[in-house]
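Student: One structure, pasted below without further comment.
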Amino acid sequence: METDSFCEKVTTLHKKYLKSFTGRLITTALFAVLQIVAFIVMTVALSSYAVPIFIVMTVISALVVLFIINTERNPAYKLLWSIVILVFPIFGGLMFLAASVQSSTYLFKKRAKKAKALIAPYCGQDTAITAAMRAESRTKANHASYLAEKASFPVYRDTAVTYFPSGEAKFEWMKAEIRKAKKFIFLEYFIIQEGIMWDSILKLLIAKVKEGVEVRLIWDGMGCMSTLPKNYDKILEGLGIHVMIFNPFVPLATVVQNNRDHRKILVIDGHTAFTGGVNLADEYINAFDRFGHWKDAAVMLKGDAVRSFTLMFLEHWYMSKPADPDITAYFHHPAPGEFLISDPRSSGYVQPYGDTPLDGECVGELVYFNLINKAKDYIYIMTPYLIPDNELVSALCFAAKSGIDVRIITPHIPDKWYVFQVTRSFYKPLLDAGVKIYEYTPGFIHSKVVVADDSIGVCGSINFDYRSLYLHFECAALIYDNPAVMDMKYDFVETLKVCEEITPERYKKIRGKHGLVMSLLKLFAPLL
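Under the numbering used here, the first residue of the sequence shown carries the number 1009, and numbering increases by one thereafter.
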């Protein structure tokens, strides 16, 4: 009953504070207006020097374009910035410089680098595992070696994997596993919103705190800006839940505001972890109809591989919080035979991995790229957004032209109409190459799943779009030769039964109706 009163208190305060969201929007808008007004005032004040200023700014913009062309940035970003600068030669160059050289960006990267250094000693690879893997499959071993050696994400054995084809299924297992927690619970989510799902989990967390279980929670500052009230972190802290807001939203034009924590991680006692596409809000479990039926996916890991998710969480935690004196206290040391490889669910290998926009290494994209290039028979993809860069488009087209069965499922009912139009704008080159594209007619598909050749699969938070592949902090689990891979394939095949295939003829009709909008919006694909 005491736990119920806590939840009622939180709910009451939540509703009270939620009314302040309009005020926060107004504040943000005012800050934006003030920045614009300040810019106009400076422009007017310097109007008597218009000609020399125009010449200097144009020269600066031209030099910036040359600099951009010679950087290692993605070609789509180069094109977009070059167009912006050439269309607005007076201010375009300064806009790029302002976005690229900011103290906030430097400090953000510095904190991230320091946190990474704290966990680095615990990210080593067990070479016996990679040797065994190489003896079984050199191709998979090479894939695993990239993540282990270049990205510091080891591959593990002795990890049981359970695949969930819906948010509802994951939700029930989450609650069951939280109830079993004895030592600690770590949660890291992009979106949290009051409702059936979060209220149920919060109630369990409060009960666990009363039992002496340590609970830590990370949410994204922008992802939860409109879903959680002001000072909600202080409310939860008062209930014994330790909270960190990742990259809090600031109403200023800073480039780090693009770098959002899009991860979905739950770790329990160091031996159980969840990841996938499911956030902590009611649409993810179809508690209400937002965009038709919400199709999502997730995985639960039990065993050695959970360590990487523990470290991923702690890495973000240490960006704003003091480091723990003994990180190994959050590792699980299984008893003999706890996760035997003879258990079918523990067969094969599991390699959790994350991606950060701060190190120049596009881990999420390279994993997808390698899966596509190494597929021998088929590769099936479920993604809510299909906004790939030229390299991924080329890889998908080449695979299809080489006789690989390439199939992609995207939503039929979108969550953002403009992103949906850009997604559809990428259909044509793929269809022309022989890729089969389907739209999920019951509603919105939010699953981020890739499965290939009955032997390898990925489930996580990483979309096939620029934001996930270049701007966000992401995570996923790469699964080799485990029964969960076939569960992913089965889910894909079953989902196809309620999808509409987008044939070339069907696409012509779509293009005829929305072609102009699709073409215009595609120009801004790197921003979507």
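All C-beta atoms, glycine included, are put in the ideal place defined by N, C-alpha and C. Please read all numbers here as calculations on a predicted model, not as lab measurements.
Buried or exposed for asparagine 1398, going by 16 or more other Cβ atoms inside 10 Å?
Tutor: Label assigned to asparagine 1398: exposed.
Student: Return the chain-ordered ranges of every beta strand (DSSP E) run that is complete within the region 1283–1371 and spans a minimum of 3 residues.
Tutor: 1301–1303, 1306–1311 and 1357–1363, all fully within the region 1283–1371.
Student: Using a threshold of 8 Å, state whether the C-beta atoms of proline 1396 and proline 1491 are closer than that.
Tutor: Cβ distance not < 8 Å, so proline 1396 and proline 1491 don't count as in contact.
Student: Would leucine 1210 and isoleucine 1193 qualify as a contact pair, given that the criterion is a beta-carbon distance under 8 Å?
Tutor: Contact flag unset, no.
Student: Return the chain-ordered list of same chain residues with a C-beta closer than 7 Å to the C-beta of asparagine 1471, the five sequence neighbours on each side being excluded.
Tutor: So the qualifying residues of the chain are Thr1391, Pro1392, Tyr1393 and Lys1456.
Student: What span of residues does the alpha helix (DSSP H) with cysteine 1405 cover, start to end?
Tutor: Per DSSP, cysteine 1405 belongs to the alpha helix (DSSP H) from 1398–1409.
Student: Can the beta-carbon of aspartate 1461 be found closer than 8 Å to that of tyrosine 1376?
Tutor: Cβ atoms of aspartate 1461 and tyrosine 1376: not closer than 8 Å.
Student: Just list the beta strand (DSSP E) runs in the region 1441–1529, keeping only unbroken ones of 3 residues or longer that don't cross its boundaries, in chain order.
Tutor: Qualifying beta strand (DSSP E) stretches, in chain order: 1444–1448, 1451–1453, 1457–1460, 1464–1468, 1482–1488 and 1507–1509.
Student: Could you check where the beta strand (DSSP E) with arginine 1415 kicks off and where it finishes?
Tutor: 1413–1419 is the extent of the beta strand (DSSP E) around arginine 1415.
Student: Can you tell me whether aspartate 1297 is buried or exposed? The criterion is at least 16 other CB atoms within 10 Å of its CB, across all chains shown.
Tutor: Classification for aspartate 1297: exposed.
Student: Are alanine 1383 and isoleucine 1421 closer than 8 Å when you measure CB to CB?
Tutor: Not a contact, by the Cβ cut-off of 8 Å.
Student: Taking the beta carbon of lysine 1303 as the centre, do at least 16 other beta carbons fall within 10 Å, making it buried, or is it exposed?
Tutor: Classification for lysine 1303: buried.
Student: Using 10 angstroms around the beta-carbon of aspartate 1495, count the other beta-carbons present and answer buried if the total reaches 16, otherwise exposed.
Tutor: Answer is buried; the Cβ neighbour count reaches 16.
Student: Are the CB atoms of glutamate 1482 and aspartate 1363 within a distance shorter than 8 Å?
Tutor: For aspartate 1363 and glutamate 1482, yes; Cβs fall inside 8 Å.
Student: Would you check if there are 3 or more beta carbon pairs closer than 8 Å linking the region 1415–1431 to the region 1447–1456?
Tutor: Yes, the region 1415–1431 is in contact with the region 1447–1456.
Student: Using a Cβ-Cβ cut-off of 6 Å (strictly less than) and excluding sequence neighbours within five positions of glycine 1356, which residues of its own chain qualify?
Tutor: Here the set comprises Tyr1488, Asp1489 and Asn1490.
Student: Looking at the structure shown, is leucine 1074 part of a helix, part of a strand, or coil, going by DSSP?
Tutor: DSSP places leucine 1074 in helix when its eight states are reduced to three.
Student: Determine whether the beta carbon atoms of alanine 1281 and leucine 1309 lie at a separation below 8 Å.
Tutor: A contact, by the Cβ cut-off of 8 Å.
Student: Compute the Euclidean distance between the alpha carbons of alanine 1125 and proline 1360, then round it to the nearest angstrom.
Tutor: Cα to Cα, alanine 1125 sits roughly 19 Å from proline 1360.
Student: Grouping DSSP H, G and I as helix and E and B as strand, with all else coil, what is leucine 1213?
Tutor: Residue state, collapsed to three classes: helix.
Student: Can you tell me whether asparagine 1287 is buried or exposed? The criterion is at least 16 other CB atoms within 10 Å of its CB, across all chains shown.
Tutor: The residue in question, asparagine 1287, is buried, as its Cβ has 16 or more Cβ neighbours within 10 Å.
Student: Measuring only from the beta carbon, is phenylalanine 1179 closer than 7 Å to any heavy atom that is part of the ligand COA?
Tutor: Absent from the structure shown: the ligand COA. Ligands present: none.
Student: Could you pull the start and end residues of the alpha helix (DSSP H) that histidine 1151 belongs to?
Tutor: 1146–1153 is the span of the alpha helix (DSSP H), which, as asked, contains histidine 1151.
Student: Do you know how far the Cα of alanine 1136 is from the Cα of lysine 1517?
Tutor: Taking the straight line from one Cα to the other gives about 55 Å.
Student: What did DSSP end up calling alanine 1395 once you bin it into helix, strand or coil?
Tutor: Per the sequence shown, residue 1395 should be read as isoleucine rather than alanine. Looking at isoleucine 1395 - three-state DSSP - the assignment turns out to be coil, as it is neither helix nor strand.
Student: Identify whether leucine 1531 lies in helix, strand or coil by the three-state DSSP scheme.
Tutor: Reduced to three states, the DSSP call for leucine 1531 is coil.
Student: Answer yes or no: do isoleucine 1186 and cysteine 1232 have a C-beta to C-beta separation smaller than 8 Å?
Tutor: Cβ atoms of isoleucine 1186 and cysteine 1232: not closer than 8 Å.
Student: Just to confirm my understanding: we take proline 1512, look at its own chain, exclude 5 residues before and 5 after, and list those with CB closer than 6 Å. What are they?
Tutor: For proline 1512, where only same-chain residues beyond five positions count, the Cβ hits under 6 Å are Leu1439.
Student: Looking at the structure shown, is valine 1430 part of a helix, part of a strand, or coil, going by DSSP?
Tutor: Looking at valine 1430 - three-state DSSP - the assignment turns out to be helix.
Student: Are glycine 1278 and phenylalanine 1339 closer than 8 Å when you measure CB to CB?
Tutor: Cβ atoms of glycine 1278 and phenylalanine 1339: closer than 8 Å.
Student: CA-CA distance, phenylalanine 977 and histidine 1480?
Tutor: In the structure as shown, the chain starts at 1009 and stops at 1536, and residue 977 therefore has no counterpart that could be examined.
Student: Leaving out the 5 sequence neighbours to the left and right, which residues in its chain are closer than 6 Å to glycine 1203 when beta-carbon positions are compared?
Tutor: So the list reads Asp1290, once near-sequence residues are dropped.
Student: If you reduce the DSSP assignment to three classes, tell me which class valine 1249 lands in.
Tutor: Inspection of the sequence shows that residue 1249 is occupied by isoleucine rather than by valine. Isoleucine 1249 falls in the coil class under three-state DSSP.
Student: Under a CB-based cut-off of 8 Å, is threonine 1318 close to chain B?
Tutor: The question asks about chain B, but that chain is absent: this structure has only one protein chain.
Student: From lysine 1190 to tyrosine 1388, what does the alpha carbon distance come to, in whole angstroms?
Tutor: Looking at the two C-alpha atoms, the distance is approximately 39 Å.
Student: To which residues of the same chain is tyrosine 1114 closer than 8 Å at the C-beta, ignoring the five residues directly before and after it?
Tutor: Contacts found: none.
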